[in-house]
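According to the working numbering, the residues represented by the sequence shown are 2 to 480, in order.
Below is one structure; the comments refer to it alone.
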Amino acid sequence: MEEESRLTSCTGSSLLQPLSDITSLPLDQVNFVACQLCALLSAFWFRVFLPPSSTRPFTRHLVAAALGLYFAFFCFGWYALHFLLQSGLTYIIMLLTGAQHMHRSCLLVALSYLSLCQISRVYVFDYGMYSADFTGPMMVITQKITSLAFEIHDGMARPEEQLTPGQKLLAIRRMPSPLEYFSYNCNFLGILAGPTCSYNDYIGFIEGRKSEPSAPSPNTEVAKKVSTSFFCLLVFLSVCKVFPVERNIDDDFLSSTPRCAQVIYLYLSMLTTRPKYYFVWTLADAINNAAGFGFNGYGSDGSARWDRISNLRILNIEFATSFKDFLDNWNIQTAHWLKRVCYERCPYYPTAATFILSAMWHGAYPGYYLTFLTGIFITLAARVVRHNVRPLFLRSRTLKRVYDVMTWAATQICICYMAVPFILLSVGPSLKFYRSWYFGLHVVCVLLAVALPVKPRRLKEQRHLQATHRNCIQREKTT
2 MEEESRLTSC TGSSLLQPLS DITSLPLDQV NFVACQLCAL LSAFWFRVFL PPSSTRPFTR
62 HLVAAALGLY FAFFCFGWYA LHFLLQSGLT YIIMLLTGAQ HMHRSCLLVA LSYLSLCQIS
122 RVYVFDYGMY SADFTGPMMV ITQKITSLAF EIHDGMARPE EQLTPGQKLL AIRRMPSPLE
182 YFSYNCNFLG ILAGPTCSYN DYIGFIEGRK SEPSAPSPNT EVAKKVSTSF FCLLVFLSVC
242 KVFPVERNID DDFLSSTPRC AQVIYLYLSM LTTRPKYYFV WTLADAINNA AGFGFNGYGS
302 DGSARWDRIS NLRILNIEFA TSFKDFLDNW NIQTAHWLKR VCYERCPYYP TAATFILSAM
362 WHGAYPGYYL TFLTGIFITL AARVVRHNVR PLFLRSRTLK RVYDVMTWAA TQICICYMAV
422 PFILLSVGPS LKFYRSWYFG LHVVCVLLAV ALPVKPRRLK EQRHLQATHR NCIQREKTT
């Protein structure tokens with residue numbers, strides 16, 4: 002009876018309840034997938050019948066926002082009002098505080114509002130339930146609100162010579178109108194699952210500026226991404242119950258399974274959790290591409306690139322040979338957001354601050370904090386290992402291949418070890434898992450970070466700025 006209640010509980014429309022009964026999937030998840038498919042069809046219609054060449058920006062903004070809010074209310078019912086309240090409250094704060102202070106105020110208010118909603122959902126309504134809850138879209142809206150506030154601050158309150166090349170590219174020189182603001186936050190292309198994009202890119206898409214008018218047809222790319230997303234969904238539904246993550250803390254499993262087999266099972270159990278994210282993010286990317294948004298120029302082979310706002314690169318994730326490579330290809334737009342609003346601006350301990358902000362943004366479950374605190378140790382250790390050990394393996398191609406295999410295995414183990422609490426959520430099960438490993442990776446990471454010399458931060462920042470400058474120049478060439 003409890004399971005039946007869980008499968009049918011939903012704050013949104015009950016129109017698709019028969020389909021939920023047939024598939025035995027929770028109604029809120031059925032609504033989510035149905036709305037994303039409707040958004041995909043709407044995106045094609047939006048591109049064909051409301052092109053920027055013959056449609057006023059006002060109309061495109063209005064339609065995009067209206068469709069987005071309709072899908073939001075269909076999925077979440079009156080909880081979707083939080084999207085408007087959070088956006089409206091922060092817009093008023095922007096107007097009252099001005100460009101000089103809005104970035105800090107909006108970060109504090111938007112993140113606090115999101116956190117209150119997450120705490121109420123977690124500890125009042127449905128602790129531990131994986132469902133298409135209303136705080137998911139609010140996480141994306143929080144990114145947009147705070148990014149916009151920092152970009153307005155850069156464009157209207159800071160001298161241009163103080164901006165990095167990336168900040169100059171994203172800086173906003175005028176306050177958005179209410180319609181532009183709500184269209185950016187709540188448009189149908191990304192309200193349910195993102196991805197986050199910069200305000201300038203979105204306005205360029207709506208108004209038909211930059212590269213969008215000259216972009217080739219996205220139909221082939223959309224077909225590939227939709228096929229990939231549903232293949233990932235089938236894989237997830239087929240194998241998610243074969244390797245449950247909870248078995249990693251099962252007493253019988255721990256007592257009867259050799260350590261080597263436990264490591265292999267840990268990898269397989271975490272590997273099979275990723276396809277659901279691949280499904281959601283790849284389908285969301287396809288929706289934006291279907292509307293003509295996301296063109297990023299042409300590759301070296303002349304092929305069109307539709308990855309301007311992509312959120313992941315699946316093969317780069319699965320074959321990452323460093324912790325940084327994995328993070329750079331996973332939830333890409335969130336990583337950009339964290340870098341732009343925190344890492345690049347935090348004067349002290351930017352790595353720790355960025356991971357803590359990421360944990361707060363993800364939600365109120367203790368497992369999130371354990372995951373990202375562990376990530377701090379792994380990141381610091383990975384940096385010093387790469388700096389000190391990698392040069393030893395660059396003397397020949399064979400040694401480099403050996404190094405790549407070793408670092409791939411180490412990266413996968415570290416990611417799995419770090420992310421188990423992200424799935425288990427609670428403190429007790431998460432600590433039980435780490436105790437079963439004797440907190441081994443924590444200890445190793447601390448020892449490596451302390452024992453090995455660290456590259457001077459000033460040199461790292463100089464190289465980072467040089468790389469950012471090169472990327473900005475390349476991006477300008479494609480727009």
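We put the CB at the ideal spot given by N, CA and C, even for glycine.
Being a predicted model, the structure only gives us computed values, none of them experimental.
{"Check": "The alpha helix (DSSP H) enclosing F440, as first and last residue numbers", "Outcome": "Note, F440: premise wrong, no alpha helix (DSSP H); not H, not E."}
{"Check": "S148 versus L28 - alpha carbon distance", "Outcome": "33 Å"}
{"Check": "Validate contact between the stretch 260-268 and the stretch 76-86 using beta carbons, cut 8 Å, 3 pairs", "Outcome": "no"}
{"Check": "Cα-Cα separation, A35 to T335", "Outcome": "25 Å"}
{"Check": "Whether S323 touches T412 by CB criterion (8 Å)", "Outcome": "yes"}
{"Check": "Status (buried if at least 16 other CB within 10 Å, exposed otherwise) for Y200", "Outcome": "buried"}
{"Check": "Proximity winner among F189, F151, S215, T60, relative to A73 (alpha-carbon distances)", "Outcome": "F189"}
{"Check": "Exposure of R48, with buried meaning 16 or more beta-carbon neighbours within 10 Å", "Outcome": "buried"}
{"Check": "Close Cβ partners of M361 (< 8 Å) along its chain, the five nearest in sequence each way excluded", "Outcome": "L112, S116"}
{"Check": "DSSP beta-bridge partners of L371", "Outcome": "For L371, which the question treats as bridged, DSSP gives no partner whatsoever."}
{"Check": "Residues near L20 in its chain [Cβ-Cβ closer than 6 Å; skip 5 each side]", "Outcome": "V31"}
{"Check": "Bridge partner(s) assigned by DSSP for L313", "Outcome": "W331"}
{"Check": "Distance between Y279 and M140 (C-alpha atoms, nearest Å)", "Outcome": "18 Å"}
{"Check": "Cβ-Cβ distance between V281 and A194 below 8 Å", "Outcome": "yes"}
{"Check": "Sub-8 Å separation of F434 and V421 beta-carbons", "Outcome": "yes"}
{"Check": "W409, enclosing alpha helix (DSSP H) - first and last residue", "Outcome": "398-425"}
{"Check": "A305 - DSSP class collapsed to helix/strand/coil", "Outcome": "strand"}
{"Check": "Of the residues G295, A285, P392, the one placed nearest Y203, counting alpha carbons only", "Outcome": "G295"}
{"Check": "Within the stretch 60-135, ranges of the alpha helix (DSSP H) (whole runs, at least 4 residues)", "Outcome": "82-98, 103-121"}
{"Check": "Cβ-based neighbour list, I192, same chain, cut-off 6 Å, excluding 5 preceding and 5 following", "Outcome": "G69, A73, P138"}
{"Check": "Three-state secondary structure assigned by DSSP to Y185", "Outcome": "helix"}
{"Check": "Inter-residue CB distance, A66 and F183 (contact presumed, cutoff 8 Å)", "Outcome": "5 Å"}
{"Check": "Outcome for Q87 when other beta-carbon atoms lying within 10 angstroms are tallied against a minimum of 16", "Outcome": "buried"}
{"Check": "F237, enclosing alpha helix (DSSP H) - first and last residue", "Outcome": "220-240"}
{"Check": "Simplified DSSP state of Y299, which is helix, strand or coil", "Outcome": "strand"}
{"Check": "Residue span of the alpha helix (DSSP H) that contains T19, given as start and end", "Outcome": "Per the sequence presented here, residue 19 reads as Pro, with Thr not at that position. 18-24 is the extent of the alpha helix (DSSP H) around P19."}
{"Check": "6 Å Cβ shell around F356 - same chain, five flanking residues per side excluded", "Outcome": "F373, G376, I377"}
{"Check": "Given M103 as reference, the closest of T60, P52, M176 once Cα atoms are compared", "Outcome": "M176"}
{"Check": "For Y349, three-class secondary structure by DSSP", "Outcome": "coil"}
{"Check": "Delimiting residues of the alpha helix (DSSP H) encompassing N32", "Outcome": "28-50"}
{"Check": "Nearest neighbour of W307, chosen from Y71, T221, Y349, F237 [CA to CA]", "Outcome": "T221"}
{"Check": "Span of the alpha helix (DSSP H), counted from its first residue to its last, around E482", "Outcome": "Residue numbering for the chain in the displayed model covers 2 to 480; residue 482 lies beyond these limits and cannot be assessed."}
{"Check": "Extent of the continuous alpha helix (DSSP H) run through Q263", "Outcome": "260-272"}
{"Check": "Residues near W331 in its chain [Cβ-Cβ closer than 7 Å; skip 5 each side]", "Outcome": "L313, I318"}
{"Check": "Q37 and L284 closer than 8 Å at C-beta", "Outcome": "yes"}
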